[in-house]
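A.B. asks: Quick one: structure below, then a few questions.
Protein chains in written order, with this note's numbering: chain A, 1 to 285; chain B, 286 to 615; chain U, 616 to 941.
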């Protein structure tokens, strides 16, 4: 009642959006990386799987831009194709985790009670393992293969989305407008889908972007310890692993795919952090 | 000499490079032992006025004209350090939400003792004794044993008593109470208001009571300043305002109150809403909602006495000789 | 009777203590009975924590009733299957205290109203748009409001939107929980007048919850006074406020500010604040603060009984009245 004279939003003159530059740089990087992955069949100068004893361990040249590996396969082409599998795995697993985590999280937070207790307990169990360990166990249980790899990474990423969505739904459940929806006779499904989900989406997308980067890292780490996609399929992590055998003589074989992983991580983190900053009203004060 | 004299005060806010007058030519005095109520709805500038007096304006706001005279000395241009000393010792403050004025990790006793040591230079044990006496004065039961309690262990009403003890610790000449009971239940509200009345009588303190509740004004104030859109539209002794409100806004406000003691057929309501700060009219700020608006109202009305009562002033063209209804024809 | 509340009890589990919290049960509403006739306005007054909002929530089944019945138009709402409850919802609507918080922030006003209309299949297409337009204009909003978002409106306008959203469902009962206490005085009068007009023109019954006795006197035909989860006095509003019988109602009446400096302010006979509803005092719950409390009040809970023209839960109502009049 005693509020001061109303001050319109954006009172401090020009509105400064802290995340914009970061998002722009990150998006440019990711656009380039995505384009490279999609256009790999066009861009790759060689067949990534074609072996040739004659061209083993060639240094970078006009013919092989980044040299060749121990089977004489073109490293540049293998990185492009590896990028495809890595990104596909990361996107698929993160999307799976996002959809499942959001759905179960919102249900848990909205309904509460027994349902919430059981899902939360299962989630806590999952979280009690370090993420890598959980990944290793999952791959070991599910067996090799790209599909199982995606599933394994999705399961390790699930808790992040679940917890976020659950706490958001829990906070919203107490708000008057959710009570208003119930009084208006809306079904629980409609309330969750139309009135809670849209409120949580901003946060979920930020977390999703950041977890995409983590998924790339998890894939690489699993591949590095030999739990990745089975050969001859190239993934970035798999390439690093292969290159590691000859690290001292031919360091480029491990370094080039590592740099590609680094580039993806930087790009995704710039986007994620930028989105978070521009969503967070406290950050723009 | 008045304890407080607000002398044609103007406070401006700068938004998007444009200046807006949040407080415009406000003018009133508070004498020793007197309670002046400042009433108005949200956005009327009453909180901005209080912040101007206390030197607590946000960085985008500044006093552009006029004076805040405390016991004969203008203080509106004092340095931050001097204002701190004035706020601690000569002006006491009470806010709507007592929890925001208290530090949750310090005991209430320590918080009351702190200004005593800072401003009056008392020793630790002496400050403690005085703090307990203050807690007794604001009627906190078993004060000595509650000295070491934390704010969260107190009820809302008891917290507000602690804030009052803090405000009067150094014997201020002026007490500014900004909606002191709005967050409290009615039975507790009455206890707090009675306490303020009692403290004021004891100390001959001057009090500026900021409120939106005209019932509280009627029972606890000596004089009333009605604010609208940053303007002081009317200033009057409390009985004169309720018996003979002069400004169309004051009249409408009084007629819009439901009453617990009698039946009213329909409440008079004021159409429209308080204009936001960025769209305040240049002249009379009530012009868009006023049933008597005239052409001349586009200019700032002067302050004129009502019915030759020097104590009763209104800022309205209706009360200016020769510019009344005849002018509306033109 | 449109609405009958019988012996309603609502308890909340509360965890207290550190480091090992213990669960105790808070009786927010303890054996409350009320009724509301068609087109009638019933006020519920009391201070924070008295359970008045919980009564409202239990009537709408936003809070679970542990005991008792809430009979709306012959149907016990507390035991209704969810599907049947949703069918019944349009007939009992609610208006909230904080109009900003009661609207979905990302939904245009028109869409929010259209959703309510569509869910209950009230009408379609052009008719639905016409209904939205008419309802908005009925609550004093321009038709353009439909295309805007809640944050673009002032507090009073948001409350009008909340009222419009209830009205499109043609309710016969509206529960209004402190509908004007967040609003400025001049806007409060606008909303009260609007509600009064709706009550008269559409014959809507109201359960009107407020801490402001003046507002309740203006709007309500009958009033129930609550203290620590119980109704302690109930009756026609005018005689209840002019001649309150229960000492707590007397107290409320004494401390309610009257905007008239010529009316003397009676001295305050009661000190202290309401005790915590977690451990209510035995006997009459008001006895620790009551200036008339006797031994019987400490031991025996007074029943709500008819006396002096209304229902009063006080052992000594008549004696106190005689003493006060003398």
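Every residue gets a Cβ at the ideal spot worked out from N, C-alpha and C, and that includes glycine.
Using 8 Å as the Cβ pair cut-off and three pairs as the minimum, do the stretch 323 to 337 of chain B and the stretch 495 to 509 of chain B touch?
C.D. replies: Flag = yes, the stretch 323 to 337 of chain B and the stretch 495 to 509 of chain B touch.
A.B. asks: From the beta carbon of residue 549 (chain B), is the nearest beta carbon of chain U less than 8 Å away?
C.D. replies: Closer than 8 Å to some Cβ of chain U, the Cβ of residue 549 (chain B) qualifies, so yes.
A.B. asks: With DSSP run on the structure shown, which of helix, strand or coil describes residue 675 (chain U)?
C.D. replies: Coil at residue 675 (chain U), not helix or strand.
A.B. asks: Closer than 7 Å to a non-hydrogen atom of the ligand GTP - does that hold for the CB of residue 21 (chain A)?
C.D. replies: Among the ligands in the structure shown, none appear at all, so the ligand GTP cannot be discussed.
A.B. asks: Here's a check: name, in chain order, each residue in its chain whose Cβ is nearer than 8 Å to the Cβ of residue 214 (chain A), leaving out the five neighbours to either side.
C.D. replies: So the qualifying residues of the chain are 131 and 157.
A.B. asks: Can you give me the Cβ contacts of residue 415 (chain B) inside the same chain, cut-off strictly under 6 Å, excluding the 5 residues immediately before and after it?
C.D. replies: Counting only Cβ-Cβ distances below 6 Å, and skipping sequence neighbours, we find 401.
A.B. asks: Pick helix, strand or coil for residue 293 (chain B), following the three-state DSSP scheme.
C.D. replies: In the structure shown, residue 293 (chain B) sits in a strand (DSSP, three-state: E or B).
A.B. asks: Count the other CB atoms within 10 Å of the CB of residue 790 (chain U); is the residue buried (16 or more) or exposed (fewer)?
C.D. replies: Classification for residue 790 (chain U): buried.
A.B. asks: Please confirm if residue 301 (chain B) has its CB atom under 8 Å from at least one CB of chain U.
C.D. replies: For residue 301 (chain B), the answer is no, since every Cβ of chain U falls outside 8 Å of its Cβ.
A.B. asks: Going by DSSP, what residue range makes up the beta strand (DSSP E) through residue 645 (chain U)?
C.D. replies: From DSSP, the beta strand (DSSP E) with residue 645 (chain U) extends over 637 to 651.
A.B. asks: Please tell me whether residue 800 (chain U) and residue 771 (chain U) are closer than 8 Å, where the distance is taken between their beta carbons.
C.D. replies: No, they are not a contact pair.
A.B. asks: Among the candidates B:533, B:534 and B:553, whose CA atom is the shortest distance from the CA of residue 542 (chain B)?
C.D. replies: Considering only alpha carbons, the answer is B:553.
A.B. asks: Apart from the five residues on each side of it in sequence, which residues of its chain come closer than 6 Å, Cβ to Cβ, to residue 82 (chain A)?
C.D. replies: Within the same chain, residue 82 (chain A) has close Cβ partners 234, 235, 236 and 239.
A.B. asks: Taking a cut of 8 Å between CB atoms, which residues from the stretch 465 to 483 of chain B lie near chain U?
C.D. replies: Per Cβ criterion, the list reads 470, 471, 472, 473, 474, 475, 476 and 479.
A.B. asks: What's the C-alpha gap between residue 375 (chain B) and residue 339 (chain B)?
C.D. replies: Residue 375 (chain B) and residue 339 (chain B): Cα-Cα distance of roughly 10 Å.
A.B. asks: Tell me, please, whether the stretch 146 to 156 of chain A touches the stretch 216 to 226 of chain A by the rule of three or more beta-carbon pairs shorter than 8 Å.
C.D. replies: The stretch 146 to 156 of chain A is in contact with the stretch 216 to 226 of chain A.
A.B. asks: Note the first and the last residue of the continuous alpha helix (DSSP H) segment covering residue 219 (chain A).
C.D. replies: First-last of the alpha helix (DSSP H) with residue 219 (chain A): 197 to 224.
A.B. asks: Is it a yes or a no for the stretch 746 to 763 of chain U touching the stretch 682 to 702 of chain U, going by three-plus beta-carbon pairs under 8 Å?
C.D. replies: The answer is no - the stretch 682 to 702 of chain U does not touch the stretch 746 to 763 of chain U, with fewer than three Cβ pairs under 8 Å.
A.B. asks: Specify, as a first and last residue, the run of the beta strand (DSSP E) that residue 591 (chain U) falls within.
C.D. replies: In the structure displayed, chain U extends from 616 to 941; residue 591 (chain U) sits before or after that span and is not available.
A.B. asks: Measure from the alpha carbon of residue 922 (chain U) to the alpha carbon of each residue in U:849, U:876, U:896 and U:874, then state which is nearest.
C.D. replies: Of U:849, U:876, U:896 and U:874, the residue nearest in Cα terms is U:849.
A.B. asks: Using a Cβ-Cβ cutoff of less than 6 Å, which residues in the same chain neighbour residue 938 (chain U) once the five nearest sequence positions on both sides are dropped?
C.D. replies: Counting only Cβ-Cβ distances below 6 Å, and skipping sequence neighbours, we find nothing.
A.B. asks: Please report whether the beta-carbon of residue 546 (chain B) lies at a distance below 8 Å from any beta-carbon of chain U.
C.D. replies: Yes, because at least one Cβ of chain U sits closer than 8 Å to the Cβ of residue 546 (chain B).
A.B. asks: What three-state label does DSSP hand residue 284 (chain A) in the structure shown?
C.D. replies: Since pLDDT at residue 284 (chain A) reaches only 40, below the 50 mark, its modelled position is unreliable, and the value read off the structure follows with that caveat. Residue 284 (chain A): coil per DSSP, three-state reduction.
A.B. asks: Pop quiz: residue 563 (chain B) and residue 289 (chain B) are said to be a contact at Cβ under 8 Å. What is the actual Cβ separation, rounded to whole angstroms?
C.D. replies: Incorrect: roughly 30 Å between the Cβ atoms, too far for contact.
A.B. asks: Name the DSSP beta bridge partners of residue 322 (chain B), please?
C.D. replies: In the DSSP output, where bridge partners are listed per residue, residue 322 (chain B) has B:494 and B:509.
A.B. asks: Does the beta carbon of residue 586 (chain B) come closer than 8 Å to any beta carbon on chain U?
C.D. replies: Chain U contact via Cβ: absent.
A.B. asks: How many angstroms separate the CA atom of residue 356 (chain B) from the CA atom of residue 334 (chain B)?
C.D. replies: Cα to Cα, residue 356 (chain B) sits roughly 18 Å from residue 334 (chain B).
A.B. asks: What in chain U is Cβ-close to residue 363 (chain B), meaning under 7 Å?
C.D. replies: Near residue 363 (chain B) there are no residues of chain U at all, since even the closest Cβ is about 34 Å away, more than 7 Å.
A.B. asks: Give the residues from the stretch 492 to 507 of chain B that approach chain U closer than 9 Å (Cβ to any Cβ), ordered along the chain.
C.D. replies: Residues 497, 498, 499, 500, 501, 502, 503, 504, 505 and 506.
A.B. asks: Can you list, in chain order, the residues of its chain whose CB lies under 6 Å from that of residue 71 (chain A), leaving out five sequence neighbours each side?
C.D. replies: Around residue 71 (chain A): 51.
A.B. asks: On the DSSP bridge assignment, give the partners of residue 517 (chain B) in chain order.
C.D. replies: Its beta-bridge partners are B:512.
A.B. asks: Taking 8 Å as the threshold (beta carbon to beta carbon), is residue 554 (chain B) in contact with chain C?
C.D. replies: Reference to chain C is not applicable here, since the protein chains of this structure are A, B and U.
A.B. asks: So, are the CB atoms of residue 870 (chain U) and residue 472 (chain B) less than 8 Å apart?
C.D. replies: Yes, these two residues count as a Cβ contact at 8 Å.
A.B. asks: Quick one, are the C-beta atoms of residue 205 (chain A) and residue 262 (chain A) less than 8 Å apart?
C.D. replies: Not in contact: residue 205 (chain A) and residue 262 (chain A) (Cβ atoms no closer than 8 Å).
A.B. asks: Considering only the beta carbon of each residue, do residue 539 (chain B) and residue 833 (chain U) sit closer than 8 Å?
C.D. replies: No, these two residues do not count as a Cβ contact at 8 Å.
A.B. asks: For residue 395 (chain B), name the three-state secondary structure that DSSP assigns.
C.D. replies: Helix.
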